[in-house]
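Student: Just so you know, the sequences run in chain order A and B.
Residue numbering for the first sequence follows the working numbering, beginning at 104 and increasing consecutively.
Residue numbering for the second sequence follows the working numbering, beginning at 13 and increasing consecutively.
Virtual Cβ for every residue (Gly too), placed ideally from N, Cα, C.
Input: one structure, supplied below.
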Amino acid sequence: MTAITREEVAHLAKLARLDLSATELDHYAEQLDVILQSVARISEVAADGIPPTSHPVPVENVFRDDIAKPGLDRAEVFAAAPATEDDRFRVPRILDEEEA
Amino acid sequence: MSSADADLIRQPASVLAAAICDGEVSSVEVTQAHLARIAEVDGRVHAFLEVTAEAALETAHLVDEKRKSGANLGVLAGVPIAVKDVLTMRGVPTTCGSRILEGWRPPYDSTVVARLRAADMVILGKTNMDEFAMGSSTEHSAYGPTHNPWDLERIPGGSGGGSAASLAAFEAPLAIGTDTGGSIRQPAAVTGTVGVKPTYGGVSRYGLVALASSLDQAGPCARSVMDAALLHSVIAGHDPRDSTSIDAPVPDVVAAAARGDVRGLRIGLVKELSGDGYQPGVLQRFNEAVEILQGLGAKVVEVSCPNFDYALGAYYLILPSEASSNLARFDGMRYGLRVGDDGSNSVEQVMSLSREAGFGAEAKRRIMLGTYALSSGYYDAYYGQAQKVRTLITRDFTAAFTKADVLISPTAPTTAFKIGEKVDDPLAMYLNDIATIPVNLAGNCAMSLPVGLSPADGLPVGLQIMAPPMADDRLYLVGSALESALTDKWGHLLIEEVPNL
């Protein structure tokens, strides 16, 4: 497995929506590389033909009757929101300026 | 603090519950004693992020009224409890140790909290933790570290260091923890307390802010095995609001704790969870406990789980992968911190700025690790391979449980280390959970209980008992037998030796 570069870390930060500082990028590039090198040895035993486990107990669809139940209290939910307007969550602009 | 209060705070939860039930002491008095203790020592321990004194006294008063009216009370009615700040509690700040949720008041109760309330227990407040439960020292809390009551310069373990420290400091007789890779058991080990990670699906995850959904499990923290069993019985059981909740009767953990018997039981020593990396003082106390178990009539056998050597590697791919997905919800839109909403920044810029400001170093590290492990081109090599190792670990457990009824190991390789010692050395920090992680990957259950103080530094050592899925009662059967033998030897529980704060 290959080493992780600073550019890759910058790309990951973008994908993960983290506006990392230059110092953080340097620091994480080094640390993520060390961590990835140390976990890479799992490939010694993870041979073909071994089924993957995604969940410790076999999960099947769990159904319930379609009966309406009270939801969360609107006032409480909005009270915890960073910004609201007209009984809705207010969010920043969604489109980039050139798209707008 | 009065001498009556000083006496109350040292009582086991089972004794407090009986005294409240018999009217010998009121829940208000018990609650006041614990609140006074928190006021006295928490400035130094910092186990709590939020103390809900007023609500606690109100609940205690209602329980006292209920008792006087002759109503039926639950097994722990009127007993105070501390709750890890990763479980939602309606109207009470739930931060998960993160800036990104600072001041967030959830509009609903987690099922665990709802069950505590339904059992008439008195919630004292929310306890400190590593941010979103990522850590083994509680140093990754955005609100500052918790200090170990055995030595305030040392870590109380993590991520549930606040819950464990609240018990060791006699601020609460019981606490709730959550365990994704050892966050209940490792803090229990380093604070001389008892902690149980129930079988995955044994306790509802509804309202437990998710770190890694396939690994997370809430469980009881206590100062004795019986107290843990009583709390386990209150919080466990099927919940239709968690689709991974097991729809089967809860194992009778209270009866098992009352019985405490290992005669004829096969106890497996896991070869891979010992030796290199484990402090001599930890191994010494562990080996002495093994001899005690043998003396009590258990048959001790050695078992090998060869793939456990790969558990840490698999865990540090699976956990960050799930965490990076789960933490994507913290985008500053519907709740939590929002930064840079100045009218010019786009929604994506605001998300990136908010997450950068709101998450701490370890959270960012794991989010990026998970983003990498799940990204195109690396998914098969990392996440896919890790999932196969998970299968191998489960198979190792299955094979071992044909030779032994329970498995044991030291809970953690070392005793409590100094605050600051490993905080920016992720690999050294991750090694703390080397013995606890396999259980989370396989989904079975485990307990840590104190087996003495390391001769090297006088700090607590924990022993881990592991049982098959839904055989949680075996943890209590063995734990209780060992605890009784140790208590006979010492003349008291180990926690009685904690220095006065």
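Can you give me, in chain order, the residues of the region 114-141 of chain A that have a beta carbon less than 7 Å from any beta carbon in chain B?
Tutor: Cβ contacts with chain B: Leu115, Ala116, Leu118, Ala119, Arg120, Leu121, Asp122, Leu123, Tyr131, Gln134, Leu135, Val137, Ile138, Ser141.
Student: Please state whether the Cβ-Cβ distance between glycine 91 of chain B and alanine 16 of chain B is less than 7 Å.
Tutor: Here residue 91 of chain B corresponds to residue number 79 of the second sequence, with the count starting at 1. Here residue 16 of chain B corresponds to residue number 4 of the second sequence, with the count starting at 1. Inspection of the sequence shows that residue 91 of chain B is occupied by valine rather than by glycine. No; because the gap between Cβ atoms is not below 7 Å, this pair is not in contact.
Student: Shortest alpha-carbon distance to glutamate 143 of chain B belongs to which of B:Ala126, B:Arg129, B:Gly173?
Tutor: Reading the second sequence from its first residue, position 131 is the one you call residue 143 of chain B. With distances taken between Cα atoms, glutamate 143 of chain B lies closest to B:Gly173.
Student: Does aspartate 176 of chain A get closer than 7 Å to chain B when you measure Cβ to Cβ?
Tutor: Residue numbering aside, residue 176 of chain A sits at position 73 when the first sequence is read from its first letter. Taking Cβ atoms only, chain B reaches closer than 7 Å to aspartate 176 of chain A, which makes this a yes.
Student: Can you give me the Cβ contacts of leucine 45 of chain B inside the same chain, cut-off strictly under 7 Å, excluding the 5 residues immediately before and after it?
Tutor: Stepping through the second sequence from its first residue, residue 45 of chain B is reached at position 33. Reading off the sequence shown, one finds alanine at residue 45 of chain B, where the question assumed leucine. Counting only Cβ-Cβ distances below 7 Å, and skipping sequence neighbours, we find Asp17, Leu20, Ile21.
Student: Determine whether the Cβ of arginine 109 of chain A lies closer than 7 Å to any Cβ atom of chain B.
Tutor: Counting from 1 along the first sequence, the entry for residue 109 of chain A is found at position 6. So no, arginine 109 of chain A is outside the interface.
Student: Does leucine 439 of chain B have its Cβ less than 7 Å from a Cβ in chain A?
Tutor: Taking the first residue of the second sequence as position 1, residue 439 of chain B is located at position 427. Yes, because at least one Cβ of chain A sits closer than 7 Å to the Cβ of leucine 439 of chain B.
Student: Counting only beta-carbon atoms, is threonine 82 of chain A nearer than 7 Å to chain B?
Tutor: No statement about residue 82 of chain A is possible, as the shown extent of chain A runs from 104 to 203 and does not include it.
Student: Can you give me, in chain order, the residues of the region 146-170 of chain A that have a beta carbon less than 7 Å from any beta carbon in chain B?
Tutor: Here the close residues are Ser146, Val148, Ala149, Ile153, Pro154, Pro155, Thr156, Ser157, His158, Pro159, Val160, Val162, Val165, Arg167.
Student: Consult DSSP for glutamate 62 of chain B and reduce its assignment to one of helix, strand or coil.
Tutor: Numbered from 1 along the second sequence, position 50 holds the residue referred to as residue 62 of chain B. Here glutamate 62 of chain B sits in strand by DSSP.
Student: Is there a Cβ from chain A that is less than 7 Å from the Cβ of isoleucine 32 of chain B?
Tutor: In the second sequence, counting from the first residue as 1, residue 32 of chain B sits at position 20. Chain A, which has no Cβ nearer than 7 Å to the Cβ of isoleucine 32 of chain B, makes this no.
Student: Assuming glycine 214 of chain B contacts alanine 248 of chain B (C-beta within less than 8 Å), just tell me the rounded distance between them.
Tutor: For the purposes of this step, residue 214 of chain B is taken as the residue at position 202 of the second sequence. For the purposes of this step, residue 248 of chain B is taken as the residue at position 236 of the second sequence. Yes, they are in contact, since the Cβ atoms of glycine 214 of chain B and alanine 248 of chain B sit about 5 Å apart, within 8 Å.
Student: On a CA-only basis, which of B:Cys108, B:Pro118, B:Arg127 is nearest isoleucine 93 of chain B? Give me that one, please.
Tutor: In the second sequence, counting from the first residue as 1, residue 93 of chain B sits at position 81. Minimum Cα distance to isoleucine 93 of chain B is reached at B:Arg127.
Student: Hey, is isoleucine 21 of chain B's beta-carbon within less than 7 Å of any beta-carbon in chain A?
Tutor: Within the second sequence, residue 21 of chain B is the residue found at index 9, counting from 1. False, the Cβ-Cβ gap to chain A never drops below 7 Å.
Student: Is the CB of threonine 403 of chain B under 7 Å away from at least one CB in chain C?
Tutor: Among the chains of the structure shown, chain C does not appear; the protein chains present are A and B.
Student: Name the two residues that bound the continuous beta strand (DSSP E) containing leucine 220 of chain B.
Tutor: Working through the second sequence from its first residue, we reach residue 220 of chain B at position 208. It is not in any beta strand (DSSP E) - leucine 220 of chain B carries neither H nor E in the DSSP assignment.
Student: How big is the Cα-Cα spacing for asparagine 164 of chain A and serine 255 of chain B?
Tutor: The residue labelled residue 164 of chain A in the question sits at position 61 within the first sequence. The residue labelled residue 255 of chain B in the question sits at position 243 within the second sequence. If I take the Cα positions, the gap works out to 8 Å.
Student: For phenylalanine 60 of chain B, which residues from the same chain have a beta carbon less than 8 Å from its beta carbon, with the 5 sequence-adjacent residues on both sides left out?
Tutor: Your numbering for residue 60 of chain B matches position 48 in the second sequence. So the qualifying residues of the chain are Ile50, Asp54, Ala94, Leu136, Gly137, Lys138, Thr139, Asn140, Gly174, Ser178, Glu183.
Student: If we cut at 7 Å on Cβ distances, does proline 173 of chain A have a partner in chain B?
Tutor: Within the first sequence, the letter at position 70 stands for residue 173 of chain A. It does not; no Cβ of chain B falls within 7 Å.
Student: Which residues does DSSP list as the beta-bridge partners of threonine 139 of chain B?
Tutor: If you number the second sequence from 1, residue 139 of chain B lands on position 127. Threonine 139 of chain B is bridged to B:Phe60, B:Lys96.
Student: How is the alpha helix (DSSP H) around cysteine 33 of chain B delimited, first residue to last?
Tutor: Locating residue 33 of chain B in the second sequence gives position 21, where the first residue counts as 1. Where cysteine 33 of chain B is concerned, the enclosing alpha helix (DSSP H) stretches over 25-33.
Student: Tell me, please, whether the CB atom of glycine 193 of chain B is closer than 7 Å to any CB atom in chain A?
Tutor: Taking the first residue of the second sequence as 1, we reach residue 193 of chain B at position 181. It does not: the Cβ of glycine 193 of chain B has no partner Cβ on chain A nearer than 7 Å.
Student: Can you tell me where the beta strand (DSSP E) holding glutamate 314 of chain B begins and where it ends?
Tutor: Within the second sequence, residue 314 of chain B is the residue found at index 302, counting from 1. It spans 311-315 - the beta strand (DSSP E) in which glutamate 314 of chain B sits, taken as one unbroken run.
Student: Hey, quick one: how far does the alpha helix (DSSP H) through proline 12 of chain B stretch, first residue to last?
Tutor: One cannot answer for residue 12 of chain B here, as it falls past the ends of chain B, which runs 13 to 513.
Student: Going along the chain, which unbroken runs of the beta strand (DSSP E) with 3 or more residues stay wholly within the region 405-484 of chain B?
Tutor: Within the region 405-484 of chain B, the complete beta strand (DSSP E) runs of at least 3 residues are 418-422, 457-465, 472-479.
Student: Measure the C-alpha to C-alpha separation of phenylalanine 192 of chain A and phenylalanine 342 of chain B and round it to an integer number of angstroms.
Tutor: Within the first sequence, numbered from 1, the residue matching residue 192 of chain A stands at position 89. Within the second sequence, numbered from 1, the residue matching residue 342 of chain B stands at position 330. Each residue's Cα considered, the two are about 15 Å apart.
Student: Judging by CA-CA distance, which residue of B:Glu62, B:Asp408, B:Lys78 is the nearest neighbour of isoleucine 32 of chain B?
Tutor: Here the question's residue 32 of chain B lines up with position 20 in the second sequence. Here the closest residue by C-alpha is B:Lys78.
Student: So, at 6 Å on beta carbons, what are the nonlocal neighbours of methionine 104 of chain A in its own chain, with the 5 sequence-adjacent residues on each side left out?
Tutor: Looking up residue 104 of chain A in the first sequence gives position 1. For methionine 104 of chain A, the pLDDT reaches just 48, beneath the cut-off of 50, and the residue's location in the model is therefore unreliable, although a value from the coordinates is still provided. So the list reads Ala143, once near-sequence residues are dropped.
Student: Verify whether the separation of the beta carbon atoms of proline 119 of chain B and aspartate 190 of chain A is less than 7 Å.
Tutor: Sequence index remark: in the second sequence, residue 119 of chain B carries index 107 (1-based). Sequence index remark: in the first sequence, residue 190 of chain A carries index 87 (1-based). It is not a contact, given that the beta carbons lie outside the stated cut-off.
Student: Can you tell me whether DSSP reads arginine 196 of chain A as helix, strand or coil?
Tutor: Along the first sequence, read from residue 1 onward, the residue named residue 196 of chain A stands at position 93. Residue state, collapsed to three classes: strand.
Student: At which residue ranges does the region 140-191 of chain A contain complete alpha helix (DSSP H) runs of 4 or more residues, listed in the order of the chain?
Tutor: Listed in chain order, the complete alpha helix (DSSP H) runs (minimum 4 residues) inside the region 140-191 of chain A are 177-182.
Student: Can you list, in chain order, the residues of its chain whose CB lies under 7 Å from that of arginine 117 of chain B, leaving out five sequence neighbours each side?
Tutor: Counting from 1 along the second sequence, the entry for residue 117 of chain B is found at position 105. The residues are Gly103, Val104, Pro105.
Student: Do the region 483-495 of chain B and the region 267-283 of chain B touch if we need at least three Cβ pairs shorter than 8 Å?
Tutor: Cβ pair count under 8 Å is three or more, so yes.
Student: Quick one: what's got a C-beta closer than 6 Å to alanine 201 of chain B's C-beta in the same chain, skipping five residues either side?
Tutor: In the second sequence, counting from the first residue as 1, residue 201 of chain B sits at position 189. Contacts found: Thr423, Ala424, Ser460, Gly474.
Student: If you measure between the beta carbons of valine 266 of chain B and alanine 241 of chain B, is that distance less than 7 Å?
Tutor: Residue 266 of chain B sits at position 254 when you count from the first residue of the second sequence. Residue 241 of chain B sits at position 229 when you count from the first residue of the second sequence. Yes.
Student: Can you tell which of B:Ala65, B:Gly35, B:Leu381, B:Asn512 has its C-alpha closest to the C-alpha of glycine 581 of chain B?
Tutor: The first residue shown for chain B is 13 and the last is 513, placing residue 581 of chain B beyond what the model contains.
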